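Numbering (my numbering), first residue to last: 245 to 525.
Using N, Cα and C, we set each Cβ at its ideal position, and we do this for glycine too.
Keep in mind the model is a prediction, meaning the values are calculated, not measured.
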């Protein structure tokens with residue numbers, strides 16, 4: 245397992261029942277894991293957009309006497325790490341820092357995949373759903389569309405849900421009525437309220453919700469049956485999502501492994517593409 249600051253924080257939060265405000269603080273801490281041990285409670289509260297007493301209650305919920313004890317613990321487990329990381333970052337310009345941030349996100353994803361069981365379970369759940377609705381709105385629409393494009397080559401019935409509005413619930417109901425047993429959701433910041441509402445509706449319709457989100461503490465966590473996190477980059481004006489995209493491809497692989505006719509479908513597609521001269525190779 246990775247020994248990165250973010251991984252250690254995730255482990256610290258595991259097993260604790262956190263309120264929505266506390267999940268927001270936890271999410272903020274994971275995203276800024278290298279800097280958190282050096283922030284005051286007021287600075288962390290400002291960063292997370294919560295009150296300073298909320299930060300204190302959060303520390304107590306984790307089993308510490310208060311925020312100073314939590315911060316002291318975080319400093320003790322990696323006292324020199326931030327200085328080394330800061331020195332390295334100073335050598336990069338802002339664009340390189342964004343790339344380096346994404347490299348760290350991919351390292352976190354790799355560490356998470358050391359236990360492949362959640363992804364393998366998700367692959368089996370998605371493979372068994374006929375049809376398979378794939379949801380992604382706003383910033384997450386490209387992730388959903390990319391997954392649906394490739395999934396359609398191995399899965400017999402994939403339904404892309406990348407537009408919101410009053411018909412979204414209708415389309416979820418239609419998928420459930422046609423026999424769907426699961427829904428895959430890509431959820432990225434900023435999280436649209438409509439996504440959480442759609443996931444709640446899907447669960448009410450009897451669908452098992454598998455979600456790829458930027459954090460285990462994302463707002464959609466409570467609306468998901470199985471959530472697999474993949475961090476996003478925040479070093480540029482707009483978030484970057486290399487890790488969620490790669491996790492989507494990993495889920496595709498796991499789903500294909502669980503579909504007995506996946507290879508035959510791929511070979512049939514290649515034959516049709518060659519007959520049509522579809523590609524220029």
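- Scanning the segment 452-484 for uninterrupted beta strand (DSSP E) segments of 3 residues or longer gives 452-457 and 470-473, listed from N- to C-terminal end.
- It is roughly 13 Å from the alpha-carbon of residue 385 to the alpha-carbon of residue 403.
- Every beta strand (DSSP E) stretch that sits fully inside the segment 363-395 and reaches 3 residues is listed by chain position as 376-379.
- Comparing C-alpha distances from residue 356 to each of 473, 497 and 500 shows the shortest one belongs to 473.
- Burial state of residue 523 is exposed, judged by a 10 Å Cβ sphere holding fewer than 16 other Cβ atoms.
- One Cα belongs to residue 286, the other to residue 425, and the distance between them is close to 45 Å.
- Taking the Cβ atoms as the reference, residue 470 lies roughly 6 Å from residue 366, within the contact range of under 8 Å.
- Taking a C-beta distance under 8 Å as the contact criterion, residue 499 and residue 399 qualify as a contact pair.
- By DSSP's assignment, residue 402 forms a beta bridge with 376.
- With a 10 Å radius around the Cβ and a threshold of 16 neighbouring Cβ atoms, residue 410 comes out exposed.
- Nearest to residue 272 by C-alpha distance, out of 443, 486 and 475, is 475.
- Looking at the DSSP output, residue 431 bridges to 457.
- Boundaries of the alpha helix (DSSP H) around residue 287: 285-292.
- In the assembly as shown, residue 433 is a buried residue. Its beta-carbon has 16 or more other beta-carbons within 10 Å.
- DSSP places residue 421 in the uninterrupted alpha helix (DSSP H) bounded by 411-421.
- Here the segment 254-266 lies against the segment 301-310, with 3 or more beta-carbon pairs under 8 Å apart.
- Sequence-distant partners of residue 436 (beyond 5 residues in either direction) whose C-beta falls short of 6 Å from its own C-beta, in its chain, are 381 and 382.
- Under the three-state reduction of DSSP output, residue 355 falls in the helix class.
- When secondary structure is reduced to three states using DSSP, residue 277 falls in the coil class, being assigned neither helix nor strand.
- Separation of the CB atoms of residue 280 and residue 318 is rounded to 6 Å, and the pair is thereby assigned contact status at 8 Å.
- Going by beta carbons, residue 464 and residue 443 fall inside the 8 Å limit.
- Here the alpha carbon of residue 316 sits roughly 32 Å from the alpha carbon of residue 481.
- Counting other Cβ atoms within 10 Å of its Cβ, residue 340 stays below 16 and is therefore classed as exposed.
- Residue environment for residue 255: exposed (fewer than 16 other C-beta atoms within 10 angstroms of its C-beta).
- Closest by C-alpha distance to residue 420, out of 390, 289 and 453, is 453.
- Secondary structure note for residue 258: it is in no alpha helix (DSSP H), with a DSSP letter that is neither H nor E.
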